[in-house]
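Going by full-length UniProt numbering, the letters in the sequence shown line up with residues 1 to 153, in that order.
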Amino acid sequence: MSNTFHQVYIQAVFAVKYREALITNDCKSKILSVIGNLINETGCKTIIVNGTEDHVHCLLALKPTVSVSDLMKVVKGKSSKYINDNKLTKYKFEWQEGYGVFSYSKSHIDAVYKYIANQEEHHKKQTFKDEYSSFLNKHDAKFDERCIFENLI
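Printed below as a string of structure tokens:
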């Protein structure tokens with residue numbers, strides 16, 4: 001639509017079901033690439049996608065005609081289908097239900113980008129559960145600790 005201007009940056013964070021370590025070095029780059037392409041296919045703009053063996057962070061510019069829930073439905077649904085259809089993981093792949101989405105101003109994008117780019121190093125010091133809880137607290141998101149993650153198998 002003409003005369004519609006936007007600048008909406010978000011970080012989406014989502015985990016492998018049961019936080020299983022299924023995203024190995026062998027398939028990681030392909031999975032991250034697929035996720036980035038799916039984001040772009042919605043009309044949003046991927047800035048960076050990275051993660052570790054059990055979760056992914058996506059920094060993107062959100063198109064205002066795309067809802068966050070529709071974006072996550074496409075990204076998680078189509079990426080897990082792609083992963084399974086192409087047998088990228090040893091076992092059946094599923095994303096855990098839900099996700100975290102956090103908004104940022106343009107002045108924070110460089111810092112968030114660097115944070116996401118440095119995931120492997122970062123997680124040598126902090127678990128994903130602790131990281132995720134700190135994001136929720138930092139962004140003042142109301143949550144029930146019992147509902148953050150499904151129980152491990």
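A virtual CB, placed ideally from N, CA and C, is assigned to each residue, including glycine.
- Buried/exposed call for Asn50, threshold 16 Cβ in 10 Å: buried
- Message: Between Lys138, Val16, Ile10 and Thr4, which has its C-alpha nearest Thr89's C-alpha?
- Response: Val16
- Message: Between Ile31 and chain D, is any beta-carbon pair separated by less than 8 Å?
- Response: As a matter of chain content, chain D is missing from the structure shown, which is built from one protein chain.
- Task: Quick one: using the 10 Å Cβ neighbour count with 16 as the cut-off for buried, is Ser79 buried or exposed?
- Result: buried
- Query: Between Met72, Val56 and Thr24, which lies nearest to Thr42 when the distance is taken from Cα to Cα?
  - Reply: Met72
- Message: Using a 10 Å radius around the Cβ and a threshold of 16 neighbouring Cβ atoms, would you call Glu131 buried or exposed?
- Response: buried
- Message: Checking 8 Å against the spacing of the C-beta atoms, do His55 and Ile116 come in under that value?
- Response: no
- Task: With DSSP as the reference, label Tyr115 as helix, strand or coil.
- Result: helix
- From what residue to what residue does the beta strand (DSSP E) around Asn50 run? Lys45 to Thr52
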